[in-house]
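Below is one structure, written out as structure tokens; the observations come after it.
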Amino acid sequence: MHYFKNGHNLARLLAVLLALWLSVSVAFAEGISVRKTEVRFSDGNYQISADFDVSLNFIVDQALTLGVPLYFITEFTLIRPRWYWFDEVIATNEQTAKLSYNKLTRQYRIKRGSLFQNFSSLGDALRIISHQSAAPIDAELLSQKVDYIAAIRMHLDVTQLPKPLQVNALANQDWDFDSNWYRWIVRPVAPAEVRESE
903 MHYFKNGHNL ARLLAVLLAL WLSVSVAFAE GISVRKTEVR FSDGNYQISA DFDVSLNFIV
963 DQALTLGVPL YFITEFTLIR PRWYWFDEVI ATNEQTAKLS YNKLTRQYRI KRGSLFQNFS
1023 SLGDALRIIS HQSAAPIDAE LLSQKVDYIA AIRMHLDVTQ LPKPLQVNAL ANQDWDFDSN
1083 WYRWIVRPVA PAEVRESE
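For what it's worth, the numbering used here labels the leading residue of the sequence shown as 903, then goes sequentially.
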């Protein structure tokens, strides 16, 4: 009844409420989203890259810590819209990054093809996964007089999880990590120029 007469108790209550609000805000930030995209011209090629925000929730983080590898797939597409016919696909590219944790060494590992890197913290590993680049696109395939549509998407591939976990993951939103397709207009630029989208 006299709980709020003490200013110290009121301050503690406000601190608890603030902590709860922050935890809810963090929960809503979990997942994958596109932060920035870029198209750069170099050595006769155009390079499409993107930076994502990747944040794991408690369930996925615990699975990783217990030895379940996570597979992040990034897809790139560049098309030329055509009003008179189907759009022309100029280039498509798909890349897979495998993230795993070694309990003995207490290190996280990212594997892409035959290449791998080790990290001492999950944050460092996710920062590397967050930056993705597509295979170079020959500049001769593009015209500087035409606008193209670039699209990019990153998602966690639950079909590569261990079989017993797949059933749960497919029916559980805790495993739904997908940036969905992000599209933007690209007009090929002159050498040394950069086209960014934020």
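Virtual Cβ for every residue (Gly too), placed ideally from N, Cα, C.
Please tell me whether residue i and residue j are closer than 7 angstroms, where the distance is taken between their beta carbons.
i, j, result
"I975", "T998", "yes"
"Q949", "P1066", "no"
"R1055", "W1083", "yes"
"E940", "S951", "yes"
"S935", "S1081", "yes"
"A1053", "V1088", "no"
"E1140", "N959", "The shown model of the chain, from 903 to 1100, leaves out residue 1140, and the question about it has no answer."
For residue i and residue j, what's the separation of their Cα atoms in angstroms?
i, j, result
"A1041", "L980", "13 angstroms"
"L1044", "L968", "47 angstroms"
"N1028", "W1077", "At residue 1028 the sequence reads Leu, which differs from the Asn that was named. Rounded to the nearest angstrom, the two C-alpha atoms are 16 angstroms apart."
"L1024", "K1005", "13 angstroms"
"S1032", "L1017", "17 angstroms"
"A971", "W987", "A small correction: the amino acid at residue 971 is Pro; Ala does not occupy that position in the sequence shown. Taking the straight line from one Cα to the other gives about 43 angstroms."
"F978", "N995", "5 angstroms"
"N1020", "N1074", "30 angstroms"
"S1071", "D1026", "In the sequence as displayed, the identity of residue 1071 is Ala instead of Ser. Each residue's Cα considered, the two are about 25 angstroms apart."
"F1079", "Q964", "15 angstroms"
"Y1010", "I1030", "12 angstroms"
"L1001", "K1013", "7 angstroms"
"R984", "Y1050", "10 angstroms"
"P1064", "G1015", "20 angstroms"
"P1090", "N947", "10 angstroms"
Tell me where the beta strand (DSSP E) around residue i begins and ends.
i, result
"G1015", "G1015 -> no beta strand (DSSP E), and no H or E assigned at all."
"K938", "933-944"
"D955", "947-957"
Return yes when the C-beta of residue i is under 6 angstroms from any heavy atom of the ligand FAD, and no when it is not.
i, result
"Q1062", "Judged by which ligands are present, the structure shown has none, so any question about the ligand FAD falls away."
Quick test of your reading: residue i and residue j, contact by CB under 8 angstroms. State the CB separation rounded to the nearest angstrom.
i, j, result
"Y973", "Q1062", "4 angstroms"
"D953", "R937", "5 angstroms"
"I992", "R1008", "So it is not a contact: roughly 44 angstroms between Cβ atoms."
Give the DSSP-derived three-state secondary structure of residue i in the structure shown.
i, result
"Q997", "strand"
"W1083", "coil"
"R984", "coil"
"R1055", "strand"
"V1088", "strand"
"T1007", "coil"
"V972", "Before going on, a small fix: residue 972 reads as Leu here, not Val. Note: L972 maps to strand in three-state DSSP."
Got a sec, what are the start and stop residues for the alpha helix (DSSP H) residue i sits in?
i, result
"S1035", "S1035 -> not in any alpha helix (DSSP H); beta strand (DSSP E) instead, spanning 1033-1035."
"F960", "960-967"
"Q1068", "1065-1073"
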